[in-house]
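**Q** Before we start, here is the structure in question, set down as structure tokens.
Structure (structure tokens):
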């Protein structure tokens, strides 16, 4: 407890607050405070702003740049509209289905709800194109169900396959979002409506749907943004139906035309900006509405026999499909087809070991570092921005939003342009992959950190300061133990996203440094669906093991504090 009585002339004392200033620091004139802020903001400028600016410079440098841009508009106009079309329908269908399924899940008993949430959580640890893999395995031209069982030869390689697979993948994520939004409602509204004689349909139509308007908009636009950036699903299952994201991938891999690829990324950036703007507005409106509700009680969602029956049928069909999908991922790697018969085999394991499995250890190390370091950096930055910085918050927030706003291919290309020359030459090294993962996932960690820190009362900090603790000790000894559950959630989210992300790192890998998701994508492109199933199962098991590890840490920390 010596720090309560002893003053030190070091970095820790540079952030001391006047206890009567209500968190308006008196050392804003102290240059060391701004040095610390600069050390936090410099990585954002180097790894986010600098690559983004170079992307625009690369696109429009040269005398005939506008002629090239006009040619890109003309040549890839169909792919651009295909991107808009598939993204719109994927976002629309996933949002509508997610609402009904989320409402149905909340009608179930708590134990069954927990099982449903576990199944939905698996979607968080799988790339979007894994749905395409399982769909081909089950319902493709030689699928287990369509061909082996029903003797049908279906062709899923078209735009409907792309829209269907994206919709199913985004539905799982949106269900979790709607469950959170529905649980945040005030139950007093439903009880008041019932007392006034309103029926279940009237309550849903007049209360639930209007209050969920921001959630509907946020779900739609964030799904639209994800679908725009998804190039794996169109490449695998699109056939002749190409989107702009898939054309960007093929253009850079096949021709290495950086200027044209940069222009194509900027063309894709316009609808992404539009989508992200309305997503942020919807989220701000939703957060404002949730913050205004005081004294909320747990909602009891009404449903009559007809509603329960329809929702039960939808839930059974959806979770049956999801279970078949993920069972096929685990089982397909241990099956062999011989003259119409299915045999259990371990031969595919031998083919798996022909791949370079060192990518698994590298990916695991990169994901763990990204999870812990990225989350800690996000929480420290959020603490400074939320509680210390007198200005510039919106600017930092916008910079932190750029990696999420930019499609993955755009972010990866920007890193190639920024770090292939001295003094920041990182291409061909593991560092460029690590930095791209950390700063690509930075928006997720910063949002969670800001939400957690802003919910903490300032009185705890004041009490610690009055007892003589400097802000570093206040943050580490008082705030961080309280923020630990949110911190571990951020670690897990960034870990899983780093494990499964492909768009940002697909252009940054080298012959020496590859990631596991690239090995999976390569196996699918080669038609080695059995090996791809084994790799997918490994990725899911790694995520589950890391989740159990963090739960153990959470349990130990809870007992300690």
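In this note's numbering, the protein residues as written are 264 to 824.
Ideal placement from N, C-alpha and C gives every residue a C-beta, glycine not left out.
Give me the residue from 741, 488 and 448 with the minimum Cα distance to residue 563.
**A** 448
**Q** By the DSSP assignment, the alpha helix (DSSP H) with residue 461 in it spans what residues?
**A** First-last for residue 461: undefined, no H or E at that position.
**Q** Taking the straight line between their C-alpha atoms, what separation do you get for residue 502 and residue 450?
**A** 48 Å
**Q** How big is the Cα-Cα spacing for residue 637 and residue 417?
**A** 44 Å
**Q** Just the Cα atoms here: how many angstroms apart are residue 769 and residue 781?
**A** 7 Å
**Q** Please determine, among 813, 573, 519 and 590, the residue with the shortest C-alpha to C-alpha distance to residue 756.
**A** 813
**Q** Spell out the partners DSSP gives residue 607 in its beta bridges.
**A** 598
**Q** Could you spell out the range, first to last residue, of the alpha helix (DSSP H) harbouring residue 677?
**A** For residue 677, the uninterrupted alpha helix (DSSP H) segment begins and ends at 671 to 681.
**Q** Using the C-alpha atoms, what's the distance from residue 805 back to residue 639?
**A** 22 Å
**Q** Since residue 787 contacts residue 516 with CB under 8 Å, what's their CB separation in whole angstroms?
**A** With a Cβ gap of about 15 Å, residue 787 and residue 516 do not count as contacting.
**Q** Report back the beta-carbon spacing between residue 574 and residue 776 to the nearest angstrom; my notes put them in contact at under 8 Å.
**A** Their Cβ separation, rounded to whole angstroms, is 47 Å, which puts residue 574 and residue 776 out of contact at 8 Å.
**Q** Check whether the Cβ atoms of residue 678 and residue 314 sit closer than 7 Å, and answer yes or no.
**A** Contact: yes.
**Q** Considering only the alpha carbon of each residue, which of 353, 807, 363 and 796 lies closest to residue 588?
**A** It is 796 whose Cα lies nearest to the Cα of residue 588.
**Q** Taking the alpha helix (DSSP H) that residue 438 belongs to, which residues open and close that run?
**A** 422 to 446
**Q** Whose C-alpha, out of 688, 629, 615 and 683, is nearest the C-alpha of residue 791?
**A** 615
**Q** Among 718, 734 and 717, which has the Cα closest to the Cα of residue 725?
**A** Looking at the Cα atoms, 734 is the closest of the given residues.
**Q** Which one of 592, 523 and 539 has the shortest CA to CA distance from residue 328?
**A** Distance from the Cα of residue 328 is smallest, within the candidate group 592, 523 and 539, for 523.
**Q** Can you list, in chain order, the residues of its chain whose CB lies under 7 Å from that of residue 408, leaving out five sequence neighbours each side?
**A** 401 and 402
**Q** Can you tell me whether residue 332 is buried or exposed, with buried defined as 16 or more other CB within 10 angstroms of its CB?
**A** buried
**Q** Suppose you measure from the CA of residue 821 to the CA of residue 443; what does that come to, to the nearest Å?
**A** 24 Å
**Q** Could you check the C-alpha separation between residue 419 and residue 404 for me, to the nearest Å?
**A** 8 Å
**Q** Report yes if the CB atom of residue 528 is closer than 7 Å to the CB atom of residue 673, and no otherwise.
**A** yes
**Q** Provide the residue span of the alpha helix (DSSP H) that contains residue 470, from first to last.
**A** No alpha helix (DSSP H) contains residue 470, which DSSP labels as neither H nor E.
**Q** If distances are taken between C-alpha atoms only, which option among 534, 651 and 710 comes closest to residue 670?
**A** 534
**Q** By a C-beta neighbour count over all protein chains shown, 10 Å radius and 16 as the cutoff for buried, is residue 337 buried or exposed?
**A** exposed
**Q** Using a Cβ-Cβ distance cut-off of 7 Å, determine whether residue 409 contacts chain D.
**A** Of the protein chains in this structure there is only one, and it is not chain D.
**Q** Could you give the distance in angstroms between the alpha-carbon of residue 818 and the alpha-carbon of residue 706?
**A** 27 Å
**Q** Quick check on the DSSP output: the alpha helix (DSSP H) that includes residue 634 runs from which residue to which?
**A** From DSSP, the alpha helix (DSSP H) with residue 634 extends over 621 to 650.
**Q** What residue range does the alpha helix (DSSP H) around residue 763 cover?
**A** Here the alpha helix (DSSP H) through residue 763 covers 743 to 763.
**Q** Please report the distance separating the alpha-carbon of residue 802 from that of residue 389.
**A** 8 Å
**Q** Okay, do the region 471 to 480 and the region 650 to 658 touch, 3+ Cβ pairs below 8 Å being the bar?
**A** no
**Q** Quick check: the Cα distance between residue 531 and residue 461, rounded to an integer number of angstroms?
**A** 46 Å
**Q** Which of helix, strand or coil does DSSP assign to residue 732?
**A** In the structure shown, residue 732 adopts coil according to DSSP, grouped into three states.
**Q** State the CB to CB distance for the pair residue 357 and residue 430, rounded to an integer number of angstroms; the pair is presumed to be in contact (CB under 8 Å).
**A** Yes, they are in contact, since the Cβ atoms of residue 357 and residue 430 sit about 5 Å apart, within 8 Å.
**Q** Between the alpha carbons of residue 675 and residue 579, how many angstroms are there, rounded?
**A** Computed Cα separation, rounded: 40 Å.
**Q** Kindly indicate which residue of 627, 437, 382 and 359 has the alpha-carbon position closest to the one of residue 828.
**A** The structure shown does not extend to residue 828, since the chain is modelled only from 264 to 824, so the question has no answer here.
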